[in-house]
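Protein chains in written order, with our numbering: chain B, 7 to 120; chain R, 569 to 681. Where is the CB? At the ideal position from N, CA and C, for every residue including glycine. Structure first, then comments.
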Amino acid sequence: DVKVTQSSRYLVKRTGEKVFLECVQDMDHENMFWYRQDPGLGLRLIYFSYDVKMKEKGDIPEGYSVSREKKERFSLILESASTNQTSMYLCASSLLWDMNTEAFFGQGTRLTVV
Amino acid sequence: GDSVTQMEGPVTLSEEAFLTINCTYTATGYPSLFWYVQYPGEGLQLLLKATKADDKGSNKGFEATYRKETTSFHLEKGSVQVSDSAVYFCALRPPGSARQLTFGSGTQLTVLP
Chain B
7 DVKVTQSSRY
17 LVKRTGEKVF
27 LECVQDMDHE
37 NMFWYRQDPG
47 LGLRLIYFSY
57 DVKMKEKGDI
67 PEGYSVSREK
77 KERFSLILES
87 ASTNQTSMYL
97 CASSLLWDMN
107 TEAFFGQGTR
117 LTVV
Chain R
569 GDSVTQMEGP
579 VTLSEEAFLT
589 INCTYTATGY
599 PSLFWYVQYP
609 GEGLQLLLKA
619 TKADDKGSNK
629 GFEATYRKET
639 TSFHLEKGSV
649 QVSDSAVYFC
659 ALRPPGSARQ
669 LTFGSGTQLT
679 VLP
């Protein structure tokens, strides 16, 4: 069974903390994505990566960075957490060379910044 | 740029009612189209997809037809169940791109017994 695993389901962090969200996939996918989900706004792309050490900004990269040192792992970093980064974060992966394939999602991490 | 517009929610139906959730898109050429479902407390999972014009995707009693002429991909189900209560997202992937999906804002569906 294909799997995208996010390291935490729930996180509570303080304003100003550095926060790491981890995502691992076991499908040997080239593409990995971080989305943010907020009510009424749907899913917005933060960053994506199509290869190890490669990254591209999505629609809302401000306040975030990413790291992809291994093909199966994609980390989202909040350099200095703020309350407006309280949200649900979703990681996804997909094949690079098949535009008809779907993306597979993790279960999500609900982050609260206090 | 590419975009997806979904019917505003929330939608509340009685069990066995007919469901339609509207989705229209803006994209150049022929994107691939997807419907995802998110059950409470879970991530997204693929419900169905269509990759070319006039294709019909179907799964678990849900259907959607890729209509190029109206740039639409409406989701339908003939008889909903309480277990269908979830958030539904329409999404597209642009032609020639195997990279990111663009999502609509989601439609919350609640089915009452």
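A direct Cα-Cα distance of roughly 13 angstroms separates R:F657 from B:D44. Residue burial annotation: R:Y607 is exposed, with fewer than 16 other C-beta atoms found within 10 angstroms of its C-beta.
Taking a Cβ-Cβ cut-off of 9 angstroms, R:T596 has no neighbours in chain B, whose nearest Cβ is about 14 angstroms from it. Between B:Q113 and chain R, the shortest Cβ-Cβ separation is below 7 angstroms. Chain-ordered, the chain B residues with CB closer than 7 angstroms to the CB of R:L669 read A109.
Here B:L102 is exposed, its C-beta having fewer than 16 other C-beta atoms within 10 Å.
Rounded to the nearest whole angstrom, the CA to CA distance from B:F110 to R:Y634 is 22 angstroms.
Under the three-pair Cβ rule at 8 angstroms, the segment 59 to 68 of chain B does not count as touching the segment 10 to 30 of chain B. Just so you know, the alpha carbons of B:I83 and R:C591 end up roughly 33 angstroms apart. Proximity of the segment 666 to 679 of chain R to the segment 112 to 119 of chain B falls short of the contact definition, fewer than three beta-carbon pairs being nearer than 8 angstroms.
Below 8 angstroms, enough C-beta pairs join the segment 595 to 611 of chain R and the segment 642 to 662 of chain R to call them touching: three or more.
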